[in-house]
Amino acid sequence: MSVPSHSPQQGEGTKLMHFEVLRNSSELFRAECTRLMLETEKACKRMQNDDSKRLDQRVRDIQFLKKELELKLEEVVVEIDALVALQSRVAKALEACTRTLNVSVVCLEERRKHLPSRRLHDEVDGELLKEKEAVEGVASLLQRVAEQITEQIRLDRSAKYQLEKDLKEKFEAECIDNSCLLMTRHSINSLQRAGDTGADPPRALVECLLEQTAADMQRQVGATAAAFQLNVREIKSAKSQTEDQLAATVSELASQERIAEDLQVAVAERGQALSVARARLALRRQRPGKEQFT
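FYI, in the working numbering the residues of the sequence shown are 44 to 337.
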């Protein structure tokens, strides 16, 4: 029983079919991966768009609250300025009362220095005493008013401090939410690193945005380089396959040329054999007549 022989062409064909099956499986796998990546990308973009809308609304709300706080702060500042001016006027009035009271006291003391024979509790003494009591009453009232003004200024300054603190927090929140609107999904680590440094919010956010844009650009450059490398590998693979096919074709062509040369040699050899046969026939025809048929 003869063993079936396989030609090199059949072996190469089997290998090529095997590689074709593997390549088709790889293409299907890559197509499935691409589909999953597209679906997840769409889902991520949808969620990011929803988050961006909510952040935008939050920024608008913060801006509205900031305007309200700024108006209230402006009112408090105006009131503090008015109270400080009023406090200065009350202080001057108290100072004037003190001078007037001192004059009244001095006058009363000087009148008491008179000789006993001339020391009289006349109308002047009565008016001086009334003036002293009136000035003391006014001074006491002004003192209470000054204390109330001081307390009100303290309360207003405390309110001003709280308003400024709220405005600062609103500003920081607005900066952060605005940065979130500009943020990509690849910059969260940069923002966390900026937050860990403890820097002032505006500077930290600017540094974060700079790092984010640099990272995005580097990532895009990397993606472009990877695409070029993949394309180069594919071109090299195709070039290698083409070179293999070319080498096989050249080898086959050389084999065909050798066969053609062998055929030409064989034809030449057969021509020589034919010439020998013809020469023999011609020579044998020259034999005597009785020997022609033996």
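In this text, a Cβ means the ideal position worked out from N, Cα and C, and glycines have one as well.
- The DSSP-derived three-state label of K213 is helix.
- Of all C-beta pairs linking the segment 127 to 145 to the segment 179 to 193, three or more are shorter than 8 Å, placing the two stretches in contact.
- For the pair L210 and L116, the CB atoms are nearer than the 9 Å cut-off.
- The beta carbons of L206 and V119 sit about 6 Å from each other, so the pair counts as a contact at 8 Å.
- Pairwise C-beta distances place the segment 170 to 183 in contact with the segment 140 to 153, as three or more of them are shorter than 8 Å.
- Rounded to the nearest whole angstrom, the C-alpha separation of E122 and Q191 is 14 Å.
- K156 sits in coil when the DSSP states are folded into three classes, being neither helix nor strand.
- Taking C-alpha positions only, D305 is separated from A270 by approximately 51 Å.
- Spatial neighbours of E138 in its own chain (CB-CB distance under 7 Å, excluding positions within 5 residues in sequence) are not present.
- Spanning the alpha carbons of A189 and K173 requires a straight line of approximately 24 Å.
- Counting C-beta pairs closer than 8 Å gives fewer than three between the segment 89 to 98 and the segment 146 to 157, which falls short of the contact rule.
- Around the Cβ of E217, a 10 Å sphere holds 16 or more other Cβ atoms; the residue is buried.
- For the set S283, D220 and R276, the Cα lying nearest the Cα of Q100 is the one of D220.
- Judged by their CB atoms, K213 and L98 are not nearer to each other than the 9 Å cut-off.
- Excluding five sequence positions before and after V178, the CB atoms of its chain that fall closer than 8 Å to its own CB belong to C140, T143, L144 and S147, given in chain order.
- Contact check for L224 against V102 passes: the beta carbons are separated by less than 9 Å.
- Note that the C-beta distance between Q130 and I196 is below 9 Å.
- The beta carbon of S95 sits closer than 7 Å to the beta carbons of L224 from its chain, once the five residues preceding and following it are set aside; these are given in chain order.
- Around the Cβ of S222, a 10 Å sphere holds 16 or more other Cβ atoms; the residue is buried.
- In this model, E286 and L296 are separated by some 15 Å (Cα to Cα).
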